[in-house]
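Q: Numbering (the UniProt record's numbering), first residue to last: 1 to 323.
A single structure is presented below for examination.
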Amino acid sequence: MNILLWHVHGSWTTSFVHGKHRYLIPATPDRGPYGLGRARTYTWPESAAEVSPEQLRDAEVDLVILQRPEELDLAQEWLGRRPGRDLPAIYVEHNTPKDGQVPDSRHPMADRDDLLIAHVTAFNELFWDTGATRTTVVDHGIVTPAVTWTGELDRLAVVINEPVRRWRVTGTDLLPRFAEIAPLDVFGMKVAGLAEHLGLPADRVTSHDDVPQHRMHAELARRRAYLHLCRWTSLGLSLIEAMTMGMPVVALATTEAVMAVPPGAGALSTRVDALLEAASRFVAEPQRARRAGAEARVAARERYGLDRFLTDWDRLLEEEVCG
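Here's what the structure looks like:
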């Protein structure tokens, strides 16, 4: 199939474009949010091809993947065809509701008969009110990182995008308590200067801003344990990647994390004190960390493997296109 989709979420799109189809990725001269083109910090196959809005007018497209409400009108403008009416469309919902109306949050694509909403977690499907619109869940899947956990550095690793702006959502406010246990390495977008924002010395929090994925994985694998302190996000793919590498996890028991992290893979709790104790044990006892990481690796590879993800998506795509 020829599938049109925008580059919105780098990690998810990386997995999606590893399928057997041709993926048309809009690219505009400004490389803005609606024309970002191919990824710069992720490895994508050649089947993910950049296409300009002008080229889309005459492009052969079998299906449109929508990920933001405004893409519906944008796709019609660029294609000259209405997704959901003139060609099949699936709306992928990556996020938990953030409109302040939980548990009564109405999805922007609610009560439509012209598309399907595919949630990336069952938690999202549960918390969004989509009315009469058809829904399904396709759990995440990831490209297996090329490195495995060694954990020789008694430091804790975190991956957060925009930790200052998102603050309590990403659990940024909790980082100083963990920095008392061990130095933190924080990876992600717009993490520069985080120590200063937290009021901590630079030797307690080291920022690694927008590091290419393969380099980030190599650095994560050397840290003793992975912190997942998000209060209200869908499910960070970096958490799954860390588990797949064999990293022990210290995570808040919120949203879909309670389904992703089994008991033996580390620590999962809504009690921060319990997570602090677990982090301390992993730092002090590398063999304990190794055992937990081994369980994390098995669990993540069984549930979030790329083959399962692509098989589920192929089945869904065929149903939507072929009927």
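C-beta atoms are modelled at their ideal positions from N, C-alpha and C, and glycine is treated no differently.
Could you name the residues of the same chain whose beta carbon sits closer than 8 Å to that of Val120, not counting the 5 residues immediately before and after it, in chain order?
A: So the list reads Trp12, Val92, Glu93, His94, Val137, Val138, Asp139, His140, Ser234, Leu235, once near-sequence residues are dropped.
Q: When the Cα atoms are used, what is the spatial distance from Thr150 to Gly193?
A: Those two C-alpha atoms are separated by around 28 Å.
Q: Assuming Arg155 is part of the beta strand (DSSP E), what are its boundary residues?
A: Residues 153-159.
Q: Can you tell me whether Ala122 is helix, strand or coil according to DSSP?
A: Here Ala122 sits in helix by DSSP.
Q: Exposed or buried, Pro29, counting other C-beta atoms within 10 Å across all chains shown (16 or more means buried)?
A: Classification for Pro29: exposed.
Q: What would DSSP say about Gly264, mapped onto helix, strand or coil?
A: Of the three classes helix, strand and coil, the one that applies to Gly264 here is helix, per DSSP.
Q: Using C-beta distances below 6 Å, list every residue in its chain close to Pro5, excluding the 5 sequence neighbours before and after it, in chain order.
A: Reading off the sequence shown, one finds Leu at residue 5, where the question assumed Pro. Taken in chain order, the residues that qualify are Ile65.
Q: In the DSSP assignment, the beta strand (DSSP E) including Glu50 goes from what residue to what residue?
A: 48-51 is the span of the beta strand (DSSP E), which, as asked, contains Glu50.
Q: Excluding five sequence neighbours on each side, which residues of the same chain lie with their C-beta closer than 8 Å to the C-beta of Arg177?
A: The answer, listed in chain order, is Val272, Leu276.
Q: Under 9 Å, do Gly32 and Glu50 count as touching if we go by C-beta distance?
A: Cβ distance not < 9 Å, so Gly32 and Glu50 don't count as in contact.
Q: What's the call for Gly131, buried or exposed, on a 16-neighbour Cβ count within 10 Å?
A: Burial call: exposed.
Q: Would DSSP call Val258 helix, strand or coil?
A: It is helical.
Q: So Pro262 and Gly293 are supposed to be a Cβ contact under 8 Å. How far apart are they, rounded?
A: About 12 Å separates the two Cβ atoms, so there is no contact after all.
Q: To test your reading of the DSSP string, which unbroken beta strand (DSSP E) runs of 3 or more residues are found completely within the UniProt domain "Glycosyl transferase family 1" (194-297)?
A: Complete beta strand (DSSP E) runs here, min 3: 205-209, 223-228, 249-252, 266-269.
Q: As a quick exercise: from Pro97, Asp99, Leu63, pick the residue whose alpha carbon is nearest that of Arg82.
A: Cα-wise, what sits closest to Arg82 is Leu63.
Q: Taking buried to mean at least 16 other C-beta atoms within 10 Å of its own C-beta, is Pro145 buried or exposed?
A: Burial call: buried.
Q: Using 9 Å as the threshold, is the C-beta distance between Thr170 and Glu162 below it?
A: Closer than 9 Å, so yes.
Q: Have a look at Asp203, Thr244, Glu54 and flag the residue whose alpha-carbon is nearest the alpha-carbon of Ala221.
A: The candidate whose alpha carbon is nearest that of Ala221 is Thr244.
Q: When the distance is taken between beta carbons, is Arg155 closer than 9 Å to Arg215?
A: Cβ atoms of Arg215 and Arg155: not closer than 9 Å.
Q: Which term fits Pro45, buried or exposed, when burial requires 16 or more other beta carbons within 10 angstroms of its beta carbon?
A: Classification for Pro45: exposed.
Q: So the beta strand (DSSP E) Glu93 belongs to, where does it begin and stop?
A: Per DSSP, Glu93 belongs to the beta strand (DSSP E) from 89-93.
Q: Just to confirm my understanding: we take Trp167, look at its own chain, exclude 5 residues before and 5 after, and list those with CB closer than 7 Å. What are they?
A: Answer for Trp167: Asp173, listed in chain order.
Q: Let me know if Thr96 comes out buried or exposed under the rule of 16 or more other beta-carbons within 10 Å of its beta-carbon.
A: Its Cβ being crowded by 16 or more others within 10 Å, Thr96 is buried.
Q: Using a threshold of 9 Å, state whether the C-beta atoms of Ala265 and Ala299 are closer than that.
A: For Ala265 and Ala299, yes; Cβs fall inside 9 Å.
Q: Checking 9 Å against the spacing of the C-beta atoms, do Tyr42 and Gly10 come in under that value?
A: In this structure, Gly10 lies closer than 9 Å to Tyr42 by Cβ.
Q: State the beta-bridge partners of Asp185 as determined by DSSP.
A: Paired residue(s): Ala157, Thr206.
Q: Where does Ser47 land, buried or exposed, given buried means 16+ other C-beta within 10 angstroms?
A: Classification of Ser47: exposed, given that the 10 Å Cβ count is below 16.
Q: Excluding sequence positions up to five away, which residues of its chain have a Cβ less than 8 Å from the Cβ of Asp195?
A: Going by the sequence as given, residue 195 is Ala instead of Asp. Closer than 8 Å at Cβ, skipping near neighbours: Pro201, Ala202, Arg204, Val205, Thr206, Ser207.
Q: Return the CA-CA distance between Phe127 and Phe16, expressed in angstroms with no decimal places.
A: Phe127 and Phe16: Cα-Cα distance of roughly 24 Å.
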